[in-house]
Every structure is written in structure tokens, then in C-alpha cells.
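Residue numbers (the working numbering): 1186 to 1334.
Just so it is clear, CB atoms sit at the ideal spot from N, CA and C, and this is done for glycine as well.
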Amino acid sequence: MKKIVMIPETLDERKKTWRKLLTQVDKTKANGYAFVGEWLRAGERAELEVGSFILCYDEPGSMKNWYPVVRLFKVVENGNGLEEVYCWEGDVHERSWALAVRDEIAAILAEAQGQKPEEESPLASISDEELIAELERRGYTVTKPRRVT
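So this is what it looks like as C-alpha cells:
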């Protein structure tokens, strides 16, 4: 089902601001290109699927002391059709904002799309000593790398 929603306005139109219909998060990227989707225009109406997400990036503050703000909205059936599900504000002139929010936003999107969160290695619960003992039992020689100081 689709819903007509108003794309959130900019927090400060003097500086960088953008909106995307978020479809995917590329965890191999460490900047804004990690967020994949169709561009949307702030302050305009769009007809979007209920359950889809709108990612908003803004740089409010003074011209010299701006800070990044990332908000994630979910399209819902009731009310104005948007529910803010995530908000993050960075420090003044923070350049690594995408790394600060990427994994959390990826998890929110994955859960909404019915995907399981990334599972850690099945070996993660085994201690190094147990792992080395098992490898040696199987005939492997294990040496720890020397640390250069």
C-alpha cells in the first residue's frame, strides 16, 4: 500500500542538505555513498510504499559552526505518514558522520526487510587456546605473529 507523504523540510537551507528513499546500505563505503536510494526533494509530496524509509541529512548551525544531523523516517499508515525512527547529531564539523550512523541504519533497514542481522563467526565463542589446541590435534603447526614495537 502506498501513502502520500510530505518529505521533511531542511533544517538549514544555507548549507548541504539531502533526502533519499533508502533502499540499501553499502557497508563497504565509509561516506554518504554508503546510503543507496532514489533522491527526494525536501518539502515536496511523494507517494511511497508504507514501510519504506527516508534518510535525511542536514548541516544546521551557523556558517562557521555547523554540525551534521542524520534522521531516518519510516512511512506509516497513520497521521502525517512519517515516523522518526532514528536521529543522530554530530559534533561541529564532524566529517565521519556516515561511519557513525551506517551500521545502525543498516541494521534498522535489514530488520524491516526481514533479514537476519549479520551473524558473527561460529568460532568467535572459542578461545584462542582451544582453537590452537584443536588445530595442533589435527596436525597443524601454529605460530603467533611477532609484534613489532
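Are at least three pairs of beta-carbons, each pair with one atom in the stretch 1266-1283 and one in the stretch 1223-1230, less than 8 Å apart?
no
Cβ-Cβ separation, K1205 to L1153 (assumed contact under 8 Å), whole Å:
This structure cannot settle anything about residue 1153, because the visible part of the chain is limited to 1186 through 1334.
Top-ranked residue by Cα proximity to F1238, from E1269, P1307, V1327 and A1285:
Checked all of E1269, P1307, V1327 and A1285; the closest Cα to F1238 is E1269.
Which whole-angstrom value describes the C-beta separation of T1208 and G1222, a residue pair presumed to lie in contact below a C-beta threshold of 8 Å?
Going by Cβ atoms, the distance from T1208 to G1222 rounds to 4 Å, so yes, they are a contact pair.
Residue range of the beta strand (DSSP E) that includes E1269
Residues L1267 to E1274.
Contacts around L1225, its chain only, beta-carbon distance under 8 Å, and the 5 residues preceding and following it disregarded
Sequence-distant partners of L1225 (beyond 5 residues in either direction) whose C-beta falls short of 8 Å from its own C-beta, in its chain, are I1192, R1204, K1205, L1206, A1231 and I1239.
Counting pairs of Cβ atoms below 8 Å between the stretch 1292-1299 and the stretch 1310-1324, do you hit three or more?
no
I need the straight-line Cα distance from I1189 to K1249, nearest angstrom please.
The straight-line gap from Cα to Cα measures roughly 37 Å.
Quick one: residues in its chain with C-beta nearer than 8 Å to the C-beta of D1197, no 5 flanking neighbours on either side, listed in chain order?
D1243, E1244, P1245, G1246 and W1251
In whole angstroms, what is the alpha-carbon distance linking A1215 and V1254?
16 Å
Cross-strand partners of M1248 (DSSP beta bridge)
M1248 is not bridged to any residue.
Return the chain-ordered list of same chain residues with a C-beta closer than 6 Å to the C-beta of G1217, the five sequence neighbours on each side being excluded.
A1283
From which residue to which residue does the beta strand (DSSP E) around E1232 run?
R1230 to E1234
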